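Worksheet: one structure, shown below.
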Ligand code: FNR
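Residue numbers (UniProt numbering): 1 to 384.
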C-alpha cells in the first residue's frame, strides 16, 4: 500500500473502502457546497512568516482546552453516524483520541451510545447535545452524560432546522443501508467494511433509542429531526441546559459577534466558531474568516475555538495564529476511520501533530501556546 503522508491520502483510501452513501454523507456540504469549499480554501490565503536561527530544541504542542490538558489543542468534532464509516466507529475514534491525549466529542446522533464509549475508554470524553423539543428527554441525555463521566458538554445551536445535502437525497441515504440493487452492487465492492459490520451488533442510534418516537433508519431520522429538533430554541434554553449540566459548557455554531456576546453572557466556558462544516447555511462565510472579529470582540472573556476546513497541522497553526485556543477536526478523522479504523484516526492525529510541530518551528516557535498573529502575513487576517 502507498504510504499515508497526509489527510488527502486518508480521504482517498476512505473513498475506496466506505460504501458510497456513507462516504458521501461525510463528504457532503449543503446545497451548492460553496461554504464547505470556502472553509478549506480560505485557509490557503493565510501565509506564514519564516524565521531562522532560533533555538528549536524542546518544542511542545501541549496546551489546554477548557482547562483540560491536551497533547495538542485539537479535538475530534462531534459527527453523527460515525459508526457507519466503520463498525463501532465512535468507540474506535474515542480510543484513538484517548491514547493520543486529545478530546473526543460524541454526537447525540451517534450509532454507539454514551454508555458504549464509557465502557471502552477510561479518559473522560465530551458529549454534544442538540436541543430537542422534548425537554424530559434532554434531561435524561444530560444525566446519562454525567453518569458516563463526560467532562464537557458541547451544545450545538446551529441545527434548529436541518440543511439539505443533495448527495444524501440522491443516494437514498439510510442506516442501515437499504438493500436496493444499486446499494448491493456498491456494498459488494466494500468487503472489508461489510465484514467489520457483520462482527458488531450495533446498528441503532444509541443515544436516541428509547425515545418515545423510535428511529430505526435514517430515512425516518430526517423526519424525526424535523419533528424533534426545536425551531423555537432560545438563549433561555441555553441557560436552562447550563444549569442542568453544571459542568464545562462549550457552545457550538457561532458565526456572528452578536451571538458570541450572548455566549459570554450565558456564562459558557467556550464557544466554537463553526458553520457545521458547510452542512447548514450554504453561502455563509468560512469559519476561519469569521474567527478574527469574534476573537477581537470576546476573546478576553471566553475561550474561542473553531472548526471547519482544517485539513492539516498548518491549518491548526493558522487558526491559533488568528486567536483560536482550540480547533476541531470533523472529516479528517472520519476519513482516517473509514480508511483504517482506529489506526487511521491515530494516523490522522499524528499527521496533524507533525505538521503543526514543524510549521511552528519554521515560524521560530517552540511552544504552541506562544502562537499569535505575529507569525502570519499580513499580521491581521486578509480582508475577506
Ligand atoms: C457533522 N457535524 C456535526 N456537528 C454537531 O454538532 N453534531 C453532529 O451530530 C454533527 N454531525 C456531523 C456529521 C458529519 C458527517 C460531519 C462531516 C459533520 C459538524 C462537525 O461537528 C464540525 O462542525 C465539522 O465537521 C467541521 O468541519 P470539517 O472539519 O469537517 O471541515
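Here a beta-carbon is modelled for each residue, glycine too, at the ideal position from N, C-alpha and C.
Quantities reported herein were computed from a predicted structural model and do not represent experimental measurements.
Which residue's Cα is closest to the Cα of residue i: the options?
i           : options               : result
residue 354 : 45, 59 and 106        : 59
residue 230 : 279, 172 and 160      : 160
residue 185 : 24, 327, 106 and 19   : 19
residue 141 : 328, 319 and 113      : 113
residue 225 : 286, 240, 163 and 199 : 163
residue 206 : 36, 81, 293 and 67    : 81
residue 50  : 369, 367 and 361      : 361
residue 287 : 31, 233 and 37        : 37
residue 71  : 369, 264 and 374      : 369
residue 333 : 278, 345 and 341      : 345
residue 253 : 311, 262, 191 and 347 : 262
residue 187 : 282, 246, 84 and 61   : 84
residue 119 : 348, 129, 240 and 92  : 92
residue 123 : 138, 109 and 101      : 101
residue 234 : 227, 248, 117 and 259 : 259
residue 299 : 268, 135 and 310      : 268
residue 223 : 192, 238 and 169      : 169
residue 237 : 116, 319 and 156      : 156
residue 97  : 56, 115, 126 and 86   : 126
residue 312 : 239, 295, 331 and 296 : 331
Got a sec: does the ligand FNR put a non-hydrogen atom nearer than 7 Å to the Cβ of residue i?
i           : result
residue 26  : yes
residue 307 : yes
residue 89  : no
residue 77  : yes
residue 109 : yes
residue 335 : no
residue 166 : no
residue 310 : yes
residue 86  : no
residue 331 : yes
residue 385 : This structure leaves residue 385 out entirely; the chain is present only between 1 and 384.
residue 37  : no
residue 228 : no
residue 276 : yes
residue 160 : no
residue 252 : yes
residue 44  : no
residue 83  : no
residue 314 : no
residue 225 : no
residue 156 : yes
residue 80  : yes
residue 199 : no
residue 391 : Since the first residue shown for the chain is 1 and the last is 384, residue 391 is missing from the structure and cannot be characterised.
Could you tell me which residues DSSP pairs with residue i in its beta bridges?
i           : result
residue 272 : 252 and 305
residue 126 : 105 and 152
residue 327 : 74 and 306
residue 47  : 377
residue 63  : 70
On the three-state DSSP scale, how would you describe residue i?
i           : result
residue 69  : strand
residue 385 : Given a span of 1 to 384 for the chain in the structure shown, any question on residue 385 remains unanswerable.
residue 232 : coil
residue 132 : strand
residue 367 : strand
residue 185 : helix
residue 167 : helix
residue 38  : helix
residue 194 : helix
residue 319 : helix
residue 388 : The requested residue 388 is not part of the displayed model; the chain covers only 1 to 384.
residue 161 : coil
residue 33  : coil
residue 79  : coil
residue 346 : helix
residue 2   : coil
residue 111 : coil
residue 354 : helix
residue 267 : coil
residue 95  : helix
residue 205 : coil
residue 141 : helix
residue 178 : coil
residue 237 : helix
residue 28  : coil
Would the beta-carbon of residue i be found less than 7 Å away from any heavy atom of the ligand GTP?
i           : result
residue 279 : Annotation note on the ligand GTP: not contained in the displayed structure, which lists the ligand FNR as its ligands.
Given 8 Å, three or more beta-carbon pairs between the stretch 321–328 and the stretch 296–307: Contact between the stretch 321–328 and the stretch 296–307 is established, with three or more Cβ pairs separated by less than 8 Å.
Inter-stretch contact at 8 Å, needing at least 3 Cβ pairs: the stretch 28–45 / the stretch 63–78: No, the stretch 28–45 is not in contact with the stretch 63–78.
Pairs of beta-carbons, one from the stretch 274–290 and one from the stretch 3–10, closer than 8 Å: are there three or more? The stretch 274–290 makes no contact with the stretch 3–10, as fewer than three CB pairs between them are under 8 Å.
Is there contact here, the stretch 129–149 with the stretch 236–250, by at least three beta-carbon pairs under 8 Å? Contact holds: three or more Cβ-Cβ distances are below 8 Å.
Given 8 Å, three or more beta-carbon pairs between the stretch 40–57 and the stretch 192–200: No, because fewer than three Cβ pairs between the stretch 40–57 and the stretch 192–200 fall closer than 8 Å, the two stretches do not touch.
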